[in-house]
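Peer 1: Residue numbers (our numbering): 105 to 432.
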Amino acid sequence: MTTLIDRYVFTVLRRVPEQQRTDIDRELRTSIEDAVDARVAGGSPPEAAVEQTLLELGDPDRLADGYADRRRYLIGPEFFDVWRRLLTVLLATVLPIVVAVTTTVKVLEDASIGTAIGTAVTTVITVGAHMAFWVTLVFAIMERTGLGRSELPRREWNLGDLPKYEPRATTISELAAGIAWPVLLIVALVLQQFTFTEVPVLNPDNWSFWWPYLIVVLILEALYAVWLFRKETWNHLVTLVNALLAVLFTAPVVWLLSTDRFFNPEWLSTLDMGSVSDPGSWLTGIAIAIAVIGSVYDVIDVAIRAERSRRGVPTRVPGTGAEYTNPI
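In structure tokens:
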């Protein structure tokens, strides 16, 4: 587990350029240790001396911005909480209402489940993106101009604001990627039925079972990413679950591709690839290779990480270059 000083230094380092981190790490730790030693020599208990020193240094994000000599955020700490609350309220209340109304109107025009799903997904993406963009733009302008800053309640930084940097099997960026790619595949799977081309790219007959099945597996993949993030380390159970999910996804996809049930025959007939006489076979071969190679690589990568974790190989604290050792 990291100390209070480690947490403070890590928080500073994550916001400065990579090439400056080693020098800043050394300089900052030396400065903190000298200040703590001076306070201890003056009669302060060691723990209190550390806390007083870090409080005197202040918000580590602001200190990092000083080291970097530039503003490295779009929305600063004074506006961030207000921005997050407003965006959360809009996405949790207004967006569902807009989606429900839009979907209902579309269903009344064309009463089919495909139309309802397509309209709902499209509305969520479009309206959600607009809400996030315009709200963020307004707050970014306020941040740069100082408009409304004097009206915000002031809150002093304290040591409780420091991240804990507890050991995690994955980083927050890996969690985001682990959730994003299944969601994007689900969205693409749904949207290709209604957009992209005049006819669906994938075989619409598979909506009777295989496409919903793959959507369920992709949802499980996203839940797996969350579960993995909450674990402290990689282990053999993680390897087993990952391999199982890889088989559940890859095996049906390869089978559908190899039996010519994956792509929509009507869409394949519209392709004109010049000298390629059978574009369907060409696309099928590439898709099978991508599916198999991707799954094998993922299974091997997770197995290697689990073995490294079992042996206690040091793992880097995300974005800092600092290391901790996963428990064996």
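Here a beta-carbon is modelled for each residue, glycine too, at the ideal position from N, C-alpha and C.
Which of helix, strand or coil does DSSP assign to residue 306?
Peer 2: Here residue 306 sits in strand by DSSP.
Peer 1: Just to confirm, are residue 441 and residue 160 a CB contact at a threshold of 9 Å?
Peer 2: In the structure as shown, the chain starts at 105 and stops at 432, and residue 441 therefore has no counterpart that could be examined.
Peer 1: Mind checking whether residue 68 and residue 286 have CB atoms under 9 Å apart?
Peer 2: The structure shown does not extend to residue 68, since the chain spans only 105 to 432, so no value can be given for it.
Peer 1: Helix, strand or coil, according to DSSP, for residue 367 in the structure here?
Peer 2: Residue state, collapsed to three classes: strand.
Peer 1: Nearest-angstrom Cα distance between residue 298 and residue 163?
Peer 2: Rounded to the nearest angstrom, the two C-alpha atoms are 50 Å apart.
Peer 1: What's the gap between the Cα of residue 155 and the Cα of residue 188?
Peer 2: Rounded to whole angstroms, residue 155 to residue 188 spans 29 Å at the Cα level.
Peer 1: If you scan the segment 115-153 from start to end, which runs of the alpha helix (DSSP H) of 4 or more residues do you find wholly inside it?
Peer 2: List check, alpha helix (DSSP H) in window: 125-145.
Peer 1: Below 6 Å CB to CB, which residues in the same chain sit around residue 347 once its five sequence neighbours on both sides are set aside?
Peer 2: Here the set comprises 403.
Peer 1: Could you tell me the distance, in whole angstroms, from the CA atom of residue 137 to the CA atom of residue 149?
Peer 2: Computed Cα separation, rounded: 14 Å.
Peer 1: Does residue 255 pass the burial test, meaning 16 or more other C-beta atoms within 10 Å, or should it be called exposed?
Peer 2: Caution is warranted here: a pLDDT of 49 is assigned to residue 255, below 50, making its placement in the model unreliable, and the coordinate value is therefore given only provisionally. Looking at its Cβ environment, which holds fewer than 16 other Cβ atoms inside 10 Å, residue 255 is exposed.
Peer 1: State buried or exposed for residue 112, treating a residue as buried only when at least 16 other CB atoms are found within 10 Å of its CB.
Peer 2: Residue 112 is buried by the Cβ-count criterion.
Peer 1: Considering Cα atoms alone, identify which of 153, 152, 225, 318 is closest to residue 359.
Peer 2: Taking only the C-alpha atoms, the option nearest residue 359 is 318.
Peer 1: Could you say which of 121, 415, 410 lies nearest to residue 339 if we only look at CA atoms?
Peer 2: Ranking the options by Cα distance to residue 339, first place goes to 410.
Peer 1: Can you grab the Cα-Cα spacing for the pair residue 425 / residue 414, in whole Å?
Peer 2: Note that residue 425 has pLDDT 43, beneath the 50 cutoff, so the model's placement of it is unreliable and the number below is only indicative. One C-alpha to the other measures close to 21 Å.
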